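Report on the following structure.
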Amino acid sequence: MEETSAPRAQWLRGVLDMCLLALMAEAPIYGYEMTVRLGEAGLDVADGSIYPALARLRKRQLVEAERRTGEGGPARTYYRPSEAGLQMLRSWSRDWHAFATSIGSIVTHTTEKEP
């Protein structure tokens with residue numbers, strides 16, 4: 001039998017870019033802070049997943065990065081969505097809501113039939 005967390009990890013891989021853009025849309029944010037915020041939301045994501053996703057988003061010109069000197073610490077790279085990134089986030093958000101609604105109706109309908 002497959003572990004319960006395995007499907008959740010696969011689902012997260014499919015929506016990680018959207019989640020990162022959504023966090024950035026609130027305010028410029030650095031990579032480690034994204035990991036913490038995702039964890040607070042119940043999504044366990046390793047740093048090793050965040051940075052390749054950020055590189056993908058930058059390559060697609062959906063994200064802009066700015067290096068800022070740290071206050072008493074090392075410099076950090078802060079990320080924010082580009083205008084194209086905000087447009088993509090809106091599109092992905094609409095698609096996600098439609099997709100989640102469809103899946104929810106199937107799963108709810110099926111689980112209501114169980115004895």
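Using the numbering used here, the first residue of the sequence shown is number 1, and each one after it goes up by one.
Each residue gets a CB set at the ideal place from its N, CA and C atoms; glycine is no exception.
As the structure is a computational prediction, the values presented were derived from the model and not from experiment.
### Query
Of all the alpha helix (DSSP H) runs that stay within the bounds of the region 25–87, which reach a length of 4 or more residues?
31–40, 47–59
### Query
Taking C-beta to C-beta, are residue 34 and residue 81 nearer than 9 angstroms?
Numbered from its first residue, the sequence shown carries residue 34 at position 34. Numbered from its first residue, the sequence shown carries residue 81 at position 81. Cβ atoms of residue 34 and residue 81: not closer than 9 angstroms.
### Task
Identify, in the order they occur along the chain, each residue of the same chain with its Cβ nearer than 6 angstroms to the Cβ of residue 66, setting aside the five sequence neighbours on each side.
For the purposes of this step, residue 66 is taken as the residue at position 66 of the sequence shown. Closer than 6 angstroms at the Cβ level, and outside the excluded window around residue 66, lie 78.
### Query
Which word fits residue 106, buried or exposed, when buried means at least 16 other C-beta atoms lie within 10 angstroms of its C-beta?
Start at 1 with the first residue of the sequence shown, and residue 106 comes out as number 106. Flag for residue 106 reads exposed.
### Query
Just to confirm, are residue 85 and residue 76 a CB contact at a threshold of 9 angstroms?
Within the sequence shown, residue 85 is the residue found at index 85, counting from 1. Within the sequence shown, residue 76 is the residue found at index 76, counting from 1. Taking 9 angstroms as the Cβ cut-off, residue 85 and residue 76 do not qualify as a contacting pair.
### Message
Which residue wins for smallest C-alpha separation from residue 87, given the options 22, 47, 52?
### Response
Position 87 of the sequence shown, counting from 1, holds the residue named residue 87. When only C-alpha atoms are compared, the closest one is 22.
### Task
Just mark residue 53 as buried or exposed, buried being the case when its beta carbon has 16 or more other beta carbons within 10 Å.
The sequence position of residue 53 within the sequence shown is 53, counting from 1. It counts as buried.
### Query
Do you know how far the Cα of residue 62 is from the Cα of residue 83?
Looking up residue 83 in the sequence shown gives position 83. Looking up residue 62 in the sequence shown gives position 62. Distance between the alpha carbons of residue 83 and residue 62 is about 7 angstroms.
### Message
Let me make sure I understand the geometry here. Which of 58, 90, 19 has the alpha-carbon closest to that of residue 40?
### Response
For the purposes of this step, residue 40 is taken as residue 40 along the sequence shown, with counting starting at 1. Answer by Cα proximity: 19.
### Task
Figure out for me which residue from 9, 101, 32 has the closest Cα to the Cα of residue 74.
Here residue 74 is taken as the residue at index 74 of the sequence shown, counted from 1. Comparing Cα positions, the closest option is 32.
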